[in-house]
Structure formats: structure tokens, C-alpha cells
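Residue numbers (this note's numbering), protein chains in the order written: chain A, 413 to 707; chain B, 15 to 308.
A short write-up of the structure that comes next.
Now the structure itself:
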């Protein structure tokens, strides 16, 4: 009897060791399922249904019609702001990474290396508070420009509109993208760069024709992550410029807080998934067309 | 350089493009260094201007138009914010309790998962790693809205537990990916040696594997802690108005136009972030960093 029990237990342990990997991963995966997949499914269901006649719900596109009618401008505004920010972030990251990789003056290269990453871990909400007072019509930036004689008090304008949102996004996200791009540039094979230099290529040309194409996969991954982040931030648009037109995030929160209207809020949510999905799809196509990219 | 002599130089060196010439100008020589130095100065002003502005607001007792700088400096607002009965202590306690609970909960899920992903044979391992990244790939406001609704139904809304759950969701990808990389970087021969001299798998894990992976685990704990400390959107949807963490306090003060209180709170949030930026490379060794996501 004891022997049989021991045999049974051994079998159980053997079996468990085969599945122990899955058992160890299961809690974490279940957590994601419960706290992400389940709420996410709600957002699709709510977006595509409206209350039916007999206390049930039925499929409808009414939420999307309302979302486009009321917030069409905000959707366009969001796309423009995020696109402009992404272009500026990409250019800045290439310039910073390129200078750190190709620069010859060690003192200046180190200065850039130490400088650029300061906003990296600064929370968005703190960045928004900084910019809110810095960029205002009577804020520190205009004040200093007036003191220096570069502006007269009558010429000052506040930047607390779409420009403020773009400036804050670039200020906050540029270090993240530049960090990844610089890391990727540092791991490039120097031989190609040296060969081009020996042939007399200038540094901007080396950057554009040799370095940038090779770090493209990293740059695009970093930009996709950045774009998703910009589409998710509520504090920056609310604090910098909450009046219409504003970003979709603000309107989603407004729809829920003011009207308990989950249908329209979730329709806007699904539209924002589609926008980021489109960006990710472009990335994946590139990845398949090229040689798969990094990560 | 006049226009004519510029084109003459171009003619002598026909291989170089204009872009290449500008590039070389900016790199070589005193003028180039000065030009780059000027650009770097502009970068420094762009980065530190807004931060200086925040620091000025924390010590500005009076600052109004047309004064470029504060009219009167002082620490009156500090005394008000850090008054024992003030909001800041309540918020600080909420923030710290939530961040510590988030780290404990997140790591208790991520350490077993990271170990299994790094060491054990798993079907669809790459897919499982990807699962943890997916929440970062969706704009998260609609997800937060629906989490809040589920929490309302479960009567969890506005509790510390609700906020900890949402913060854990955000921290999970860092925790799991860094833990996987950290366990992956542990020398296998050490574990085998321990098993050879008779240590069981559990003893080996706690005496060899876990201590070796500790720097990476600590790094992921710091990531999760900071992520929780700074998190605003999730707390706003599932915690407000009951749970007033520091970002919530800052947001409310800022929206009410109380810039001094908002700036002081922002500074409290800023310090750990900047410290971490400075020390991050010490905790995350290059080999662990390179293995993240693999």
C-alpha cells in the first residue's frame, strides 16, 4: 500500500515537472487575461452594440456614427499631432544618435550623451505641469525672450494649444527613442563607416546612407511604442490644452465622466486601436519585406 | 567665404555633396566645434528650461505678470504642503503603500514566470513573452475605462487593491521581461554543480539561481516601483476620488491653478525618477539588457 502510494506520488511529481513550466507561467498569464483581455473585449462589445427594444442589446454602428459626428475633428487633430510629434522625435533621435556615433570631439559627444536623456523617466504629468507654466503667454519662456530683447511684450503668444502638446510629447519621448537608436548605432559594424569615410563621404552622408538604414528596425519599434504612448496619455492634453479640438483621450474620459456613455467612448477607443494597429501593421510589413528586424 | 570661392571649392572637390561639406564643416575645426557647441547649448536650454521653471515655481511666493522671475521667494508653500495635517502626507502614504504592494504582487507573479521562461521547456515560449507586451501595444485609456466598469460591478472601485491591480498590469511587461533576461544570464554550470553535490531543485533555486539573478530582479523592482509611483491615468479611472496618490494631488492642484503646490508635488515625483536615470546602468548589466525580450 505504502509502496503504491509512493509510486503514485513519484508519477505525479514526474508529471508535474513536465507541466511545471506552464504552472509557473500560468498565474502571470491569467492575470493579463483577467485585467487586460477581459476589459478589452468589453470595449469592442460596447462599441458595436446599442440598447435593444427588449432590455437586451443589438449590433449597431450608431456609436461610430455619433463618434465621427461629434469628435471627427478631434480624431483628425489626434492623428496630426501624433504624426508631427513622431516625425520630430525620429529626426531628433537620428541627429542625437548620429552625433554620438560619428562625432569626433569627445568633450562635445560626452556633453550630448549626458544631456539628452534627462527627461527619460520624468512622468508625463510632471512634464505637463512644467510645460504648462513654461509655455504660457506670460510664462518663463516668453519672459526671458522679452528680457533678452528678442520679443516685445505685445508680440508674445501662448503655446498652450496643439504646439504645446507637440512640444511636450517631443520633450518627453525624444530621449526614449534616442536611447534605443543610439544603442543600436553603437552596435553597428564600424568597418562600413570607416570605409565610407576613407572614400571621402561626409558625415551627414554616412549617417543618412549607411547608419540610418541599418538602425531602421530599432527606430521603427521605438516609434511605434512612442506613438502608442502618445495615444494613451491623458494628462498632457488635459493640462496643456483641454478645449476643443483636443485629443481623443480627453473626449473618451469626458464621455464616460460626464455622460456615462460607454458606447461612444468605446467607439473612440476602437478607432484609436485601429490607428495604432495601422502603424503596427506598416511596421510588420516592413519587417516581413526586410529581413525581420530586431527584437 | 564668398559665394564665388564657395563654388570654386566645390569645383575642386567634385565628389563631395553639399550635405557632406556641411557635415565636415560642423565636425572639423574650431568653427565646427563652436557650431555644434551652440546646438548643444540650445538642447540644454530646451531640456532644462522647463525644469528650471518648475524649480522656480516651488520657491515662488509671488509670481505674476509682468515679472519675468518670481517677485518674492520663500518656503511658505513647502510648509503648507508638508504640514502634518496636509494632503501631501496622505498622498505620499497612498503612493508608497500602493507602490510597495504593486512591487510585491508584480514580482510574485513575474519571478516564477521569468524562471520558467528562461529555464524550463515551454511550448510557444515566444508567444507567451509577447502576451506580456500586448497591453503596451494598445492605447490604454479605453482599457482603463472598462477595467473601472468591471471594478464597479465587483465593488472594487476606489480601493487600494483596485489601484494595485491596475499598476501591476502596467509593471508586468518590465517585471517579466527583465526577470526572464536575468534568469537567462545566470551561469547554468553553477546550478548543475549544486545539483551534483546533492541540493534539490528548490534549494538550488533559492541558494544559487535567485541570488545570481538578484541585480536584474532589483532593477525590475525599481522599474515597477517608479511606474506605480508615476502612474496617473489608471489611478484616475479606478481610484478617484477616494485614492489620492501624489500624481492625483498634483493634477488637482495644477488644474485649480495652485502652481506652487503642484510644482512642489511634481518635484517630489521627479527626484526618484532622475536618481534612477543616473543609476540604471549600474543595476542593469549590459548582458542582461541585451537579453531583454529574447
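Each residue gets a CB set at the ideal place from its N, CA and C atoms; glycine is no exception.
Less than 6 Å between C-beta atoms, sequence neighbours within five positions excluded: which residues of the same chain meet that for residue i?
{"i": "residue 204 of chain B", "result": "222"}
{"i": "residue 124 of chain B", "result": "189, 190 and 193"}
{"i": "residue 459 of chain A", "result": "475, 678, 679 and 682"}
From residue i to residue j, what does the alpha carbon distance come to, in whole angstroms?
{"i": "residue 258 of chain B", "j": "residue 476 of chain A", "result": "34 Å"}
{"i": "residue 248 of chain B", "j": "residue 596 of chain A", "result": "32 Å"}
{"i": "residue 196 of chain B", "j": "residue 231 of chain B", "result": "7 Å"}
{"i": "residue 562 of chain A", "j": "residue 51 of chain B", "result": "21 Å"}
{"i": "residue 468 of chain A", "j": "residue 679 of chain A", "result": "19 Å"}
{"i": "residue 484 of chain A", "j": "residue 478 of chain A", "result": "9 Å"}
{"i": "residue 474 of chain A", "j": "residue 668 of chain A", "result": "17 Å"}
{"i": "residue 121 of chain B", "j": "residue 610 of chain A", "result": "51 Å"}
{"i": "residue 498 of chain A", "j": "residue 578 of chain A", "result": "9 Å"}
{"i": "residue 517 of chain A", "j": "residue 59 of chain B", "result": "21 Å"}
{"i": "residue 693 of chain A", "j": "residue 180 of chain B", "result": "28 Å"}
{"i": "residue 82 of chain B", "j": "residue 62 of chain B", "result": "17 Å"}
{"i": "residue 453 of chain A", "j": "residue 674 of chain A", "result": "13 Å"}
{"i": "residue 78 of chain B", "j": "residue 504 of chain A", "result": "34 Å"}
{"i": "residue 637 of chain A", "j": "residue 585 of chain A", "result": "10 Å"}
{"i": "residue 456 of chain A", "j": "residue 495 of chain A", "result": "25 Å"}
{"i": "residue 624 of chain A", "j": "residue 574 of chain A", "result": "29 Å"}
{"i": "residue 705 of chain A", "j": "residue 629 of chain A", "result": "Here residue 705 of chain A scores only 39 on pLDDT, less than 50, and its place in the model should not be relied on; the value that follows carries that caveat. Straight-line Cα distance between these residues: approximately 5 Å."}
{"i": "residue 591 of chain A", "j": "residue 241 of chain B", "result": "19 Å"}
{"i": "residue 559 of chain A", "j": "residue 57 of chain B", "result": "20 Å"}
Are the Cβ atoms of residue i and residue j separated by less than 9 Å?
{"i": "residue 594 of chain A", "j": "residue 513 of chain A", "result": "yes"}
{"i": "residue 555 of chain A", "j": "residue 570 of chain A", "result": "no"}
{"i": "residue 254 of chain B", "j": "residue 537 of chain A", "result": "no"}
{"i": "residue 273 of chain B", "j": "residue 71 of chain B", "result": "yes"}
{"i": "residue 501 of chain A", "j": "residue 431 of chain A", "result": "no"}
{"i": "residue 162 of chain B", "j": "residue 541 of chain A", "result": "no"}
{"i": "residue 178 of chain B", "j": "residue 112 of chain B", "result": "yes"}
{"i": "residue 619 of chain A", "j": "residue 506 of chain A", "result": "yes"}
{"i": "residue 659 of chain A", "j": "residue 493 of chain A", "result": "yes"}
{"i": "residue 65 of chain B", "j": "residue 284 of chain B", "result": "yes"}
{"i": "residue 158 of chain B", "j": "residue 251 of chain B", "result": "yes"}
{"i": "residue 511 of chain A", "j": "residue 524 of chain A", "result": "yes"}
{"i": "residue 148 of chain B", "j": "residue 451 of chain A", "result": "no"}
{"i": "residue 244 of chain B", "j": "residue 229 of chain B", "result": "no"}
{"i": "residue 246 of chain B", "j": "residue 688 of chain A", "result": "no"}
Does DSSP classify residue i as helix, strand or coil?
{"i": "residue 266 of chain B", "result": "helix"}
{"i": "residue 463 of chain A", "result": "strand"}
{"i": "residue 3 of chain B", "result": "Any property of residue 3 of chain B remains undetermined from this structure, which presents chain B solely from 15 to 308."}
{"i": "residue 75 of chain B", "result": "strand"}
{"i": "residue 87 of chain B", "result": "strand"}
{"i": "residue 470 of chain A", "result": "strand"}
{"i": "residue 521 of chain A", "result": "helix"}
{"i": "residue 186 of chain B", "result": "helix"}
{"i": "residue 534 of chain A", "result": "coil"}
{"i": "residue 291 of chain B", "result": "helix"}
{"i": "residue 153 of chain B", "result": "coil"}
{"i": "residue 528 of chain A", "result": "coil"}
{"i": "residue 485 of chain A", "result": "helix"}
{"i": "residue 117 of chain B", "result": "helix"}
{"i": "residue 213 of chain B", "result": "coil"}
CB-CB under 7 Å to residue i, same chain, minus the five flanking residues each way: which ones, in chain order?
{"i": "residue 645 of chain A", "result": "536 and 661"}
{"i": "residue 652 of chain A", "result": "540, 543, 544, 572, 576, 577 and 580"}
{"i": "residue 17 of chain B", "result": "For residue 17 of chain B, the pLDDT reaches just 47, beneath the cut-off of 50, and the residue's location in the model is therefore unreliable, leaving the point undetermined."}
{"i": "residue 235 of chain B", "result": "117 and 121"}
Cutting at 8 Å between CB atoms, please list the residues of its own chain near residue i, excluding the five before and the five after it.
{"i": "residue 583 of chain A", "result": "531, 539 and 543"}
{"i": "residue 612 of chain A", "result": "none"}
{"i": "residue 89 of chain B", "result": "73"}
Under 8 Å (Cβ pairs) to chain A, residues found in the region 260-273 of chain B: 261, 264, 265, 268, 269 and 273
By the 8 Å beta-carbon criterion, what residues does the region 141-155 of chain B contribute toward chain A? 142, 145, 146, 148, 149, 150, 151, 152, 153, 154 and 155
Residues of the region 555-568 of chain A in Cβ contact with chain B at a cutoff of 8 Å, in chain order, please. 555, 556, 558, 559 and 565
For the region 275-293 of chain B, list every residue whose C-beta sits within 8 Å of some C-beta in chain A, in sequence order. Answer in chain order: 276, 277, 280, 283, 284, 287, 288, 290 and 291.
Near-chain A residues of the region 117-128 of chain B - C-beta to any C-beta below 7 Å: 123, 124, 126 and 127
Along the region 671-683 of chain A, where does the CB come closer than 9 Å to a CB of chain B? Name the residues. 674, 677, 678, 680, 681 and 682
With 9 Å as the C-beta to C-beta threshold (strictly closer), list the residues of the region 152-184 of chain B near chain A in chain order. 152, 153, 154, 155, 156, 157, 158, 159, 160, 161, 162, 163, 164, 179, 180, 182 and 183
Just by C-beta distance, which residues in the region 199-226 of chain B are closer than 7 Å to chain A? none
Taking any Cβ of chain B, which residues in the region 527-540 of chain A have a Cβ under 9 Å from it, in chain order? 527, 528, 529, 530, 531, 532, 533, 534, 535, 536, 537, 538, 539 and 540
Quick one, which residues of the region 579-598 of chain A are near chain B if we go by CB-CB under 8 Å, in chain order? 583
Mind checking the region 235-256 of chain B against chain A and listing, in chain order, the residues whose C-beta falls within less than 9 Å of any C-beta there? 240, 243, 244, 245, 246, 247, 250 and 251
When you check each C-beta in the region 185-197 of chain B against every C-beta of chain A, which residues fall closer than 7 Å? 186 and 190
Short-range partners of chain B found in the region 455-478 of chain A, where Cβ spacing is below 7 Å: 455
Positions along the region 83-104 of chain B whose CB lies within less than 9 Å of some CB in chain A: 83
Give the residues from the region 44-61 of chain B that approach chain A closer than 9 Å (Cβ to any Cβ), ordered along the chain. Answer in chain order: 46, 47, 50, 51, 53, 54, 57, 58, 60 and 61.
Interfacial residues, the region 438-456 of chain A to chain B, with Cβ spacing under 8 Å: Taking 8 Å as the upper bound on Cβ-Cβ separation, chain B lies near residues 439, 440, 441, 443, 444, 447, 448, 450, 451, 452, 454 and 455 of the region 438-456 of chain A.
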